[in-house]
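Notes follow the structure.
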Amino acid sequence: MIQAQPTIKPKKLDAATIITIAIIGVVYLLAFVLEQVMPATSMLFTVLKKGATYALVAVSMNLLNGFTGLFSLGQAGFMLIGSYAFAILTIPVAQRLSVYQYYDGGLVQFSLPWLVAIVLAGLFAALFAFLIGLPVLRLKSDYLAIATLGFAEIIRAIFQWDKIGALTNGSNLLRLFPTFADFNVRDESGQVLVYWSTFVPFVIAGVCIAFILMLINSSYGRAFKAIRDDETAAEAMGINLAKHKMIAFCTSSFFAGVGGAMLAMYANSVQAKSFTTAMTYEILLIVVIGGIGSVTGSVMSAFLFVASSEWWLRFLDQEQMIGAWKVPLLRNGFRLVVFSLIIMAVVLFFRQGIMGSRELPDLFRKRHKLAGKGARKA
Amino acid sequence: MFDTVLPYLLSGISVGGQYALIAIGYTMVYGILRLINFAHGDVFMVAGILMVYISASGIPLYLSIPLVLIITAGVGFAIERVAYKPLRSAPRMSIMISAIGVSYTLQNLVLYVTGGLNQFYPSIPFISQSVTIGATSTRMVTLITPVLTLVLVIALVLLINHTKIGMAMRAVSKDFETSRLMGIKIDNVITVTFVIGSFLAGVGSILYFTNYSTVIQTSGAMPGLKAFVAAVFGGIGSVPGAVVGAFIIGICENLLKGMDTILIKAGLSKSMLGITTFSDAFTFALLIVILIVKPTGLFGEKQTEKV
Amino acid sequence: MRKIIACLLALTLVLTLTMTAMAEDIVKLGVYEPASGDSGAGGKQETLGVQYANSVQPTVEIGGVTYTVQLVYADNGSSADKAPSAAQALVSEGVSVVLGSYGSGVSIAGSPYFAEAGIPAIGISCTNPQVTAGNTHYFRICFLDPFQGTVLANYAYKTLGVKNAYLLAELGNEYDVGLTHYFQQAFEALGGTVNSETFPTGTSDFTSYLNTANTLGAEVFFAPVSIAYSTQIISQAAAMNASFPLLGGDTWDSNKVAEVATGTGLNIFVSTFYQEGGAPEFDAGIKEWMNANPDMLTNNGGNDVVAAVSAMGYDAYFVALEALKAAGTTDSKAVNEAIWDVNYTGVSGAIAFAEPGDAVRNVAYIKTANTETGNWDFVTVQSVE
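Printed below as a string of structure tokens:
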């Protein structure tokens, strides 16, 4: 992680880039086609929707922790702000009385289109990040971690305070806002004509991740990496530390906010109670499993993480019979035990994670280039 | 007025003492390894669960208490060996992530074993008795906690200042590399640190859960975080600092829970303002203020950064 | 790498296909209940009722064919953020009807997924009005919080004769916040005064809240919180020698709560759905069944006292079977239509549904904890005039 990554700037599209673009295209096509042909109730789509959301949040966290070297644990707090901003701004006026049942319909009496709200969700999160960043970004590594974690807890408490309930609905659920399922095109009888509910989150996450990638590959991105590798040296080179840290922090929070809005659309309801430090830890573990410093890794591990925890390992929670033999140990909670042991194994023995600091195109580049990289490292 | 404040003050002092016992583990480990041991709060919780299961198996109390403390110390030792030692030369972020992983694993293990349900902590005679002070009644443990905490802390400070291993600990926390070169067996020092930290967390857990009666897999998370904040508040690496920080945080937290009542009784407010909502968040607000104003905490030593 | 991706995709497809391929003559009932978290203990007792009903009546005649009823479980973890995946797991299993949940917040959070898939849900003890309001697929067989809040306020004001109440709710728990809200409305309408506070999730130190109640001169402490918190409140109130009575909602009606109260000398009152002895045959049956299954006894909290929610779970199961029979098919949309017309007399009383999907219930049982025997003693039947 220490060595500066060689920036590969192909003048023309090389084969690896073309393969990468092709793979991404196929994934999107599959996401669309599968949803049309497979039953909508399949767990696959749950995993894909939640996976896309977590992929974005993980990449946004990676931008800070992996690329800028700022160990921030405030992700859940920024997601909370994004979720709430989105929900508050999009609940249809007609539904407000039933959502804000204890607050006479609440303060906000208008509702915005989802796309506007999702951008505002990001902007609110970024604004909070700016305010928080002013004091805390001066702190070093673990102090920064614990301070951002603290801010996330403070944000959670503020949003639960019933004195501002007219805005936030106190600690109660916000719901009845547009969700992913609302993207499906239906006829009059409610029959679905075209399914978009998986494709749309893929597009939102894809656009956001592409933006983060562009930032990473810009001169700002190179400055981030310089700060990560050696703060003092970076400063000596003329990089404005405060400015660049703030840019990374706010950008990361913006996309965490967008991710929060997506999480709200996935979960159909929002409640401050669920944005705990445990959520931040989960995202951090996704980043670690994927490889700190790899966008591709974060994306892949987000899907793997969600699929394992929500779907593939679920059988571990129920008693299973193989023939007449009852498999021992299996009962509620075993899934999480296995899952955490896998995570510990990755943390301890595969510290590079799935991708290390490589990206998808690197996988298709000729071997000797990678070997060359390895040699330089040694 | 004093009658109004007294009960909150009492529970604040009691909670503060329990936080202090956890905070010592944080501060010692940080002093030596520069690691926020996120799993420490969960070790505290595991000690609680151990007590539940050990006393359910019918082992008498005078055996189960020492047994719990020994096993807890063993858990701390095992965590260090399995999850931190292999990463000694890795970047600091890796060890911290490993600590988060351990915390996640311990919670999930306990979730699995207990089925995710609250476990009732056995009541320990004498310390769970009620006593009456002035107009309020409380448990004996409320009064015992601060006394026991102070005794243990004094013993620990004596150990650090007047024994060979204590000297080694101070040396390692001053300069890891140099003390290694001076022939100090780093691993032994680290082991002792973890064992002491976990042992104290075990004592803390007995006091804490006797007071609040139930244990669940998430029971350690909040006390753990607060104890850590206490350690930072007092100046991380400093044992007396952690203890003072813990008492300040415990007392502030409980006064805040009673703030609405105190305000109403003092005639400053007419109705409940819902300040209790912030009883947890306040701890973190305090943390951020101290980090910004005096990053080294109340008793922390200033460190110069080497380039 | 590409191979791995290809394999994963293939695996995904195979898994999905096997899941959708259903065996014949099996009708699946989803049991959407918390098995872990703060409400885990209550969720397990509610599930027990369903399981017992299934052991009593494992088959159902639908459209002339005898179907075996298969229970599919999903643990919603007592929290709104774990609810979506639990609900979707049930949907992907292709259940015809969902039963549950214990706890209103998780029911509200899971509701849109059932709606989207066209699956009806029958709430067993989720009392918040928002569960059934504004939709046509969520039903419930219990009373509602506006009713329960009023019943408790009446009982406190008129029978206990108290004028000053202290209310405590968990932040972000729909059930707590709702019930204290309705209690406050009713209690203030009667002329009482109320102080109300909330505590953050995961709190274990309730002494400050009890002190506050004491200092403010509260004559009753109303905390309709989950079992996990109620047991802590009781033991800390006992340590303080609290003089005021404690009042709880239906969640407090658990043998665990009564057990903690044993030997404390506290006055504890709860309102609930069912009183043991109301249907002796059912009581005897479920006790025998639990005593024969050690696991079930553990899930019930270690003894064979019948929880009200178990009786409710039992009734909910039979309501679902009635609906399946009436629909004549396992198709969930048809079952949804059929539930509206179900008329069933269960162990907890007669059940028929009215708009917006709530069973017509007009009585609640008030019980008190017997601090000597560790049982719940029947006090009175309370209704709102």
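Chains as they are written, first to last, in numbering that gives the first Met the number 0: chain A, 0 to 377; chain B, 0 to 306; chain C, 0 to 384. Quick reminder that beta carbons are idealized off the backbone N, C-alpha and C, glycines included.
Closest by C-alpha distance to residue i, when choosing among the options
i	options	result
residue 317/C	98/C, 40/C, 42/C	98/C
residue 179/A	157/A, 240/A, 243/A, 39/A	39/A
residue 115/A	140/A, 81/A, 142/A	81/A
residue 37/C	122/C, 305/C, 250/C	250/C
residue 100/B	124/B, 35/B, 286/B	35/B
residue 238/C	263/C, 192/C, 216/C	263/C
residue 66/B	82/B, 47/B, 81/B	47/B
residue 278/C	309/C, 291/C, 295/C	309/C
residue 131/A	346/A, 263/A, 248/A, 338/A	248/A
residue 360/C	190/C, 272/C, 119/C	272/C
8 Å Cβ cut-off: residues of chain C touching residue i
i	result
residue 197/A	The premise fails here: residue 197/A is roughly 13 Å from chain C at the closest Cβ pair, so nothing lies under 8 Å.
residue 332/A	35
residue 78/A	Under the 8 Å cutoff, chain C gives no residues; its nearest Cβ is about 11 Å from residue 78/A.
residue 19/A	Chain C residues near residue 19/A: none, gap ~11 Å exceeds 8 Å.
residue 203/B	Under the 8 Å cutoff, chain C gives no residues; its nearest Cβ is about 13 Å from residue 203/B.
residue 271/B	194, 195, 196
residue 16/A	Here the premise fails: no neighbours, minimum Cβ distance about 16 Å.
Residue i: contacting residues in chain B (beta-carbon distance under 7 Å)
i	result
residue 231/C	211, 212, 213
residue 336/A	107, 108, 111
residue 350/A	89, 93
Residues that residue i bridges to, as DSSP identifies them
i	result
residue 95/A	Paired residues: none, contrary to the question.
residue 139/C	122/C, 357/C
residue 74/C	32/C
residue 194/C	165/C
residue 214/B	118/B
residue 270/C	365/C
residue 60/C	65/C
residue 320/A	325/A
residue 97/C	29/C, 120/C
residue 351/C	342/C
Within chain B, partners of residue i - CB distance below 9 Å
i	result
residue 224/A	The contacting residues do not exist; residue 224/A stays about 15 Å from chain B at best.
Contact belief for residue i with residue j at Cβ below 8 Å, rounded distance in angstroms
i	j	result
residue 138/A	residue 294/B	7 Å
residue 366/C	residue 383/C	Wrong, their Cβ atoms sit about 18 Å apart, outside the cutoff.
residue 385/C	residue 71/C	Residue numbering for chain C in the displayed model covers 0 to 384; residue 385/C lies beyond these limits and cannot be assessed.
residue 259/A	residue 79/A	6 Å
residue 152/A	residue 227/B	12 Å between Cβ atoms; not a contact.
residue 228/C	residue 169/C	6 Å
Residues that residue i contacts on chain A, provided the C-beta gap is smaller than 7 Å
i	result
residue 231/B	145
residue 277/B	156
Contacts of residue i in chain A (Cβ-Cβ under 8 Å)
i	result
residue 227/B	145
N-terminal and C-terminal residue of the beta strand (DSSP E) that residue i is part of
i	result
residue 374/C	374-381
residue 231/A	Note, residue 231/A: premise wrong, no beta strand (DSSP E); alpha helix (DSSP H) at 230-235.
residue 32/C	25-32
residue 343/C	342-345
residue 280/C	Per DSSP, residue 280/C belongs to no beta strand (DSSP E); it is in the alpha helix (DSSP H), 279-291.
residue 217/A	Where residue 217/A is concerned, there is no enclosing beta strand (DSSP E), given that its DSSP letter is neither H nor E.
residue 137/B	135-138
Closer than 7 Å at the beta carbon, the chain C residues around residue i
i	result
residue 309/A	84
residue 6/B	210
residue 168/A	What residue 168/A touches in chain C: nothing, since even the nearest Cβ is about 10 Å away.
residue 218/B	203
Extent of the continuous alpha helix (DSSP H) run through residue i
i	result
residue 187/B	185-211
residue 67/A	Premise fails: residue 67/A is in no alpha helix (DSSP H) and is neither H nor E.
residue 210/C	206-214
residue 347/A	333-348
residue 19/A	14-36
Within chain C, the residues that residue i reaches when beta carbons sit closer than 9 Å
i	result
residue 115/B	33, 34, 35, 36, 39, 74, 76, 77
residue 264/B	214, 215
heavy atom of the ligand HEM below 8 Å from residue i C-beta
i	result
residue 282/C	Among the ligands in the structure shown, none appear at all, so the ligand HEM cannot be discussed.
Closer than 8 Å at the beta carbon, the chain B residues around residue i
i	result
residue 159/A	276
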